[in-house]
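**Q** Chains as they are written, first to last, in our numbering: chain A, 6 to 427; chain B, 6 to 427. The beta carbon of each residue, even a glycine, is placed where N, CA and C say it ideally should be. Quantities reported herein were computed from a predicted structural model and do not represent experimental measurements. Structure incoming, see below.
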């Protein structure tokens with residue numbers, strides 16, 4: 006099945022918005038065996054939309070478009086593609102009724118410009134939008150399928166799951182996952198491959214895509230020529246996992262925070278955090294996980310010395326003696342928050358995220374991580390490269406990874422040795 | 006100038022990684038007057054890379070590629086494009102020296118597979134990579150420019166700013182910003198247009214791209230046919246701002262947290278936060294701003310009732326009487342953290358982000374916001390649609406926007422009335 010995605014939107018070409026549609030659709034479709042060949046992004050401009058649509062429609066069997074279906078004057082996708090396919094736009098009273106009901110539900114009157122959404126290309130089915138105003142469209146023609154989705158992510162995702170997937174399933178176009186994903190932490194991409202390349206060299210026909218992100222590397226294994234079965238791919242995945250040892254995180258798509266969450270729940274342990282340079286990022290990632298309240302007791306963002314003293318009871322003399330960015334303060338932060346909230350584990354971080362700050366001994370990028378259990382406290386000094394945002398992200402990842410390794414090794418006690426850097 | 010971007014990477018088509026390159030390059034180039042016409046994403050596959058490169062090279066005057074320049078076996082961009090242009094790859098001893106130095110600096114030995122990076126297409130200039138191993142390449146040929154950049158974002162950004170921009174400037178290809186951006190908060194996209202459309206109708210030749218994101222809407226004004234001057238665009242921007250009133254946030258690219266930061270610094274005021282359902286997201290956004298330590302005293306993530314009692318001294322009876330998600334607890338949280346850290350302003354949030362939780366009176370999506378100043382405390386009940394992540398993001402945005410409106414109105418005292426919803 007040849008599949009292409011056309012993404013329309015001036016705001017994507019000028020960087021006003023990130024093209025997250027590609028990642029969403031690519032992930033959702035490829036994990037079900039529908040592999041995307043190509044994505045083209047052009048502006049909301051009739052000539053470009055027409056040209057790209059006709060080129061994709063010629064080549065692919067399924068074409069998905071996103072964007073340009075709304076009510077504002079720059080939305081021209083519906084009209085342009087209908088014209089390219091020589092289809093009339095027909096008025097649909099049911100759409101207008103839905104629109105009116107949507108605005109009534111919000112206690113608002115329907116704006117006049119929205120009325121244009123009540124038109125659909127002749128022969129197209131409506132993909133109704135439960136959470137917004139712009140419906141999607143499904144059109145079958147010449148043995149091909151055209152799926153038109155709105156550009157707003159939350160609406161596009163809802164329509165995709167509720168309307169598109171069931172239709173693809175009914176046509177037997179989607180299947181079970183076809184690739185095997187291996188998630189790693191603690192090693193740079195180059196070193197991951199240095200470790201596993203000899204193994205990959207023994208398996209002809211295996212295709213590996215790798216993606217590094219903030220201290221982690223994901224590997225996706227696929228059969229290059231459809232000769233390896235899913236079971237064989239899993240076999241290679243297991244061997245890679247064994248070769249990677251502690252640097253192997255999981256198969257599949259679970260996030261590091263989800264894994265730490267599961268490990269804490271399994272062991273019935275609780276967690277608290279004290280953050281300086283990450284400023285709430287670690288707590289935010291943990292509470293991204295639905296159900297975090299089962300194990301996450303809370304956290305303190307002690308961005309100033311005074312907050313460290315007030316909220317965590319760290320002695321002022323300790324900060325004066327060693328500096329706020331020090332092993333001693335990291336340990337005191339973890340110990341302080343753990344004691345205050347009575348958690349089994351406590352994580353802490355203090356460092357120089359940049360762009361300013363830092364000392365000769367602790368330049369920008371230097372971060373002290375702390376881990377306190379009921380048995381004691383530990384600290385690690387790490388140096389991260391990159392900008393403020395990257396340093397913050399990598400520090401939060403390193404803390405989650407340290408806790409993961411510790412939880413894997415034993416219930417309480419000694420934290421793991423190996424630690425992500427870079 | 007016709008400009009196209011080709012993005013190579015299997016991991017982008019399978020959704021393993023988001024194509025953030027388009028947003029970065031689109032933004033950096035278009036603000037300097039170089040407008041992107043088209044972005045194509047295909048996999049790391051010779052046939053596709055060759056086909057898309059030759060098509061773009063035929064049509065555009067500047068072609069930028071990202072991805073596939075690394076050392077792993079799926080990186081084939083350098084070789085494939087050299088072949089398409091009938092250029093040899095030549096060994097460059099200087100590159101190998103740089104690579105060795107880079108790994109030495111990290112206290113590591115250079116992995117053997119990295120050696121392939123020491124080859125560049127004949128006639129191409131090296132764009133050196135200060136923070137990683139994969140250099141970029143710059144090639145001029147047939148009056149066109151080819152810019153090849155590595156796929157890893159932090160390295161791509163650094164090379165772009167340090168190597169690409171200076172070369173584009175030297176050739177007079179980049180200029181001052183050409184568009185005017187108007188940032189709004191508190192109104193849904195449809196209602197923003199309902200408010201400004203009559204005004205836009207009076208200005209022929211104006212092109213508006215809009216982008217909603219978590220409770221805000223950005224508008225980008227540009228001259229559709231190059232007939233409006235930058236000054237005229239600014240004039241329209243000013244009129245839009247006046248029409249929008251308090252819902253106007255700023256011109257340009259400043260984030261809401263940056264604006265709140267500036268307002269607090271100007272007024273020499275400090276801020277503390279207490280978060281329940283946003284779980285650190287608000288603190289994290291505030292500390293994304295370099296220099297946040299000047300005004301941000303700290304925060305508390307009180308995810309459990311016990312944490313609210315322990316860290317903020319909220320009476321247990323208050324929580325039992327009204328529930329943790331209530332106006333009373335929101336007020337007590339803001340008051341508690343403000344008092345504990347001695348801040349001029351304190352923000353708080355408690356709500357049901359979902360997917361589970363909620364009551365008949367307060368279903369999932371219900372959020373109570375709190376604001377405490379030295380003069381008193383206020384609270385607002387808001388309901389947000391969408392998934393857990395969206396509710397959390399919109400709640401953090403609504404708090405920042407409430408504080409912005411309050412700071413704009415007067416130094417301390419009464420918070421602003423109008424509040425973002427939806």
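For the alpha helix (DSSP H) that contains residue 266 of chain B, what are its first and last residues?
**A** Segment 261-271, the alpha helix (DSSP H) holding residue 266 of chain B.
**Q** Go ahead and pull the three-state DSSP assignment for residue 61 of chain B.
**A** Here residue 61 of chain B sits in helix by DSSP.
**Q** When you compare only the Cα positions, how much space is there between residue 393 of chain B and residue 356 of chain B?
**A** Roughly 11 Å between the two C-alpha positions.
**Q** So, does the region 123-140 of chain A touch the region 94-105 of chain A, judging by three or more C-beta pairs under 8 Å?
**A** Yes: at least three Cβ pairs fall under 8 Å.
**Q** On the premise that residue 142 of chain A lies in contact with residue 153 of chain A, defined as a C-beta separation below 8 Å, what is that separation, rounded to the nearest angstrom?
**A** That belief holds up - the Cβ atoms of residue 153 of chain A and residue 142 of chain A are roughly 4 Å apart, short of 8 Å.
**Q** Starting from the Cα of residue 145 of chain B, find the closest Cα among B/191, B/327, B/18, B/67 and give me that residue.
**A** Answer by Cα proximity: B/67.
**Q** First and last residue of the alpha helix (DSSP H) that includes residue 387 of chain A?
**A** Run containing residue 387 of chain A: none in the alpha helix (DSSP H); it sits in the beta strand (DSSP E), 381-388.
**Q** Excluding five sequence neighbours on each side, which residues of the same chain lie with their C-beta closer than 6 Å to the C-beta of residue 53 of chain B?
**A** Here the set comprises 47.
**Q** So what does DSSP say about residue 230 of chain B, is it helix, strand or coil?
**A** Here residue 230 of chain B sits in coil by DSSP.
**Q** Looking only at its own chain, which residues have a Cβ that is under 7 Å from the Cβ of residue 51 of chain A, when we skip the five neighbours before and after it?
**A** Counting only Cβ-Cβ distances below 7 Å, and skipping sequence neighbours, we find 81, 85.
**Q** Considering Cα atoms alone, identify which of B/100, B/195, B/180, B/30 is closest to residue 37 of chain B.
**A** Closest by alpha carbon: B/180.
**Q** Can a CB atom of chain B be found closer than 8 Å to the CB of residue 199 of chain A?
**A** True, the Cβ-Cβ gap to chain B drops below 8 Å.
**Q** Which chain A residues sit within Cβ distance under 9 Å of residue 394 of chain B?
**A** Neighbours of residue 394 of chain B on chain A, chain order: 293.
**Q** Is the CB of residue 351 of chain A under 8 Å away from at least one CB in chain B?
**A** Taking Cβ atoms only, chain B never reaches closer than 8 Å to residue 351 of chain A, which makes this a no.
**Q** Along chain B, in chain order, which residues have C-beta atoms closer than 7 Å to that of residue 273 of chain A?
**A** Neighbours of residue 273 of chain A on chain B: none; closest Cβ ~15 Å, over 7 Å.
**Q** For residue 300 of chain A, which residues from the same chain have a beta carbon less than 8 Å from its beta carbon, with the 5 sequence-adjacent residues on both sides left out?
**A** Correct list, in chain order: 266, 269, 270, 274, 275, 276.
**Q** What do you get for residue 63 of chain A, buried or exposed, if any count of 16 or more other CB atoms within 10 angstroms of its CB means buried?
**A** So residue 63 of chain A ends up on the exposed side.
**Q** Cβ of residue 377 of chain B less than 8 Å from any chain A Cβ?
**A** Answer no: the Cβ-Cβ gap between residue 377 of chain B and chain A never drops below 8 Å.
**Q** Does residue 22 of chain B get closer than 8 Å to chain A when you measure Cβ to Cβ?
**A** Closer than 8 Å to some Cβ of chain A, the Cβ of residue 22 of chain B qualifies, so yes.
**Q** Using a C-beta cutoff of 8 Å, does residue 217 of chain A count as contacting chain B?
**A** Yes - at least one Cβ of chain B is within 8 Å of the one on residue 217 of chain A.
**Q** Check the Cβ-Cβ distances between residue 355 of chain A and every residue of chain B, and say whether any is below 8 Å.
**A** Chain B contact via Cβ: absent.
**Q** Short of 7 Å in beta carbon distance, which residues of its chain neighbour residue 89 of chain B, apart from the five on each side in sequence? Order them along the chain.
**A** If we look at residue 89 of chain B and ignore the five residues flanking it on each side, its Cβ neighbours are 55, 58, 59.
**Q** In its own chain, which residues sit with a C-beta less than 7 Å from the C-beta of residue 293 of chain B, not counting the 5 before and 5 after it?
**A** So the list reads 262, once near-sequence residues are dropped.
**Q** Show which residues of chain B have a CB atom less than 9 Å away from the CB atom of residue 225 of chain A.
**A** Result: 15, 16, 19, 21.
**Q** Beta-carbon of residue 46 of chain A versus every beta-carbon of chain B: anything under 8 Å?
**A** Yes, residue 46 of chain A counts as interfacial toward chain B.
**Q** How many angstroms separate the CA atom of residue 388 of chain A from the CA atom of residue 158 of chain B?
**A** Approximately 19 Å between the Cα atoms of the pair.
**Q** With a CB to CB cut of under 6 Å and the five nearest residues on each side skipped, what residues in its chain are close to residue 429 of chain A?
**A** The structure shown does not extend to residue 429 of chain A, since chain A is modelled only from 6 through 427, so no value can be given for it.
**Q** Between which residues of its own chain and residue 321 of chain B is the CB-CB distance below 6 Å, once the five residues before and five after are set aside?
**A** Excluding residues within five positions, the ones whose Cβ falls inside 6 Å are 314.
**Q** Which of helix, strand or coil does DSSP assign to residue 133 of chain A?
**A** Residue 133 of chain A: coil per DSSP, three-state reduction.
**Q** Tell me whether residue 300 of chain B sits in a helix, a strand or coil according to DSSP, three-state version.
**A** In this structure, residue 300 of chain B counts as coil in the three-state DSSP scheme.
**Q** Which class does residue 12 of chain B belong to by DSSP, given the choice of helix, strand or coil?
**A** Residue 12 of chain B falls in the strand class under three-state DSSP.
**Q** When you compare each of A/194, A/28, A/209 to residue 219 of chain A by their alpha carbons, which one comes out closest?
**A** The residue with the shortest Cα to Cα distance from residue 219 of chain A is A/194.
**Q** Could you please give the first and the last residue of the uninterrupted beta strand (DSSP E) stretch that includes residue 151 of chain B?
**A** Unbroken beta strand (DSSP E) run through residue 151 of chain B: 149-154.
**Q** For the region 297-317 of chain B, list every residue whose C-beta sits within 9 Å of some C-beta in chain A, in sequence order.
**A** For the region 297-317 of chain B, which is checked against every Cβ of chain A, the residues closer than 9 Å are 297, 298, 301, 302, 303, 304, 305, 306, 307, 308, 309, 311, 312, 313, 315, 316.
**Q** Verify the contact flag: residue 413 of chain A, CB atom, against every heavy atom of the ligand COA, threshold strictly below 7 Å.
**A** Judged by which ligands are present, the structure shown has none, so any question about the ligand COA falls away.
**Q** Between which two residues does the beta strand (DSSP E) carrying residue 68 of chain B extend?
**A** Looking at the DSSP string, the run of the beta strand (DSSP E) that includes residue 68 of chain B is 67-71.
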